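Numbering (this note's numbering), first residue to last: 5 to 98.
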């Protein structure tokens with residue numbers, strides 16, 4: 005889980021006049037999100053989901069170099085199930 009650490013800034017010095025431009029990246033990103041369609045939001049969400057699955061698969065593969073694709077898929081399913089069970093247990097205690 006990612007924690008918000010406050011706004012990020014990007015500074016760029018313009019060579020002539022040494023002007024410094026600071027942009028609030030988070031604000032620009034939020035503005036871009038406001039103009040997105042539902043389909044664009046869905047593409048971003050599905051892309052993030054697929055990327056996280058690919059990373060988890062590679063981590064499992066690195067820890068189990070001799071595992072078949074079927075074994076890796078089973079380990080990935082077990083990992084996802086365990087995550088849901090942890091979240092469910094946390095929600096019951098709060």
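We put the beta carbon where it would ideally sit given N, CA and C, even for glycine.
The structure displayed is predicted, hence computed values, not measured ones.
| Check | Outcome |
| --- | --- |
| Do the CB positions of residue 68 and residue 81 come within less than 8 Å of each other? | no |
| So, at 8 Å on beta carbons, what are the nonlocal neighbours of residue 83 in its own chain, with the 5 sequence-adjacent residues on each side left out? | 60 and 64 |
| Identify every run of the alpha helix (DSSP H) within the segment 40-72, keeping only runs that are complete inside it and at least 4 residues long; order them along the chain. | 42-67 |
| Could you compute how far the alpha carbon of residue 15 sits from the alpha carbon of residue 75? | The predicted position of residue 15 is uncertain, since its pLDDT is 49 and thus under 50; a value taken from the coordinates is nonetheless stated next. When rounded, the distance between both Cα atoms is 47 Å. |
| Take residue 20 and list the residues in its own chain whose beta-carbon comes closer than 8 Å to its own, dropping the five residues that flank it on each side. | Residue placement at residue 20 cannot be trusted, given a pLDDT of 48 that sits under 50; what the coordinates show is reported in the next sentence. So no residue of the chain qualifies. |
| If you draw a straight line from the C-alpha of residue 37 to the C-alpha of residue 70, how long is it? | 43 Å |
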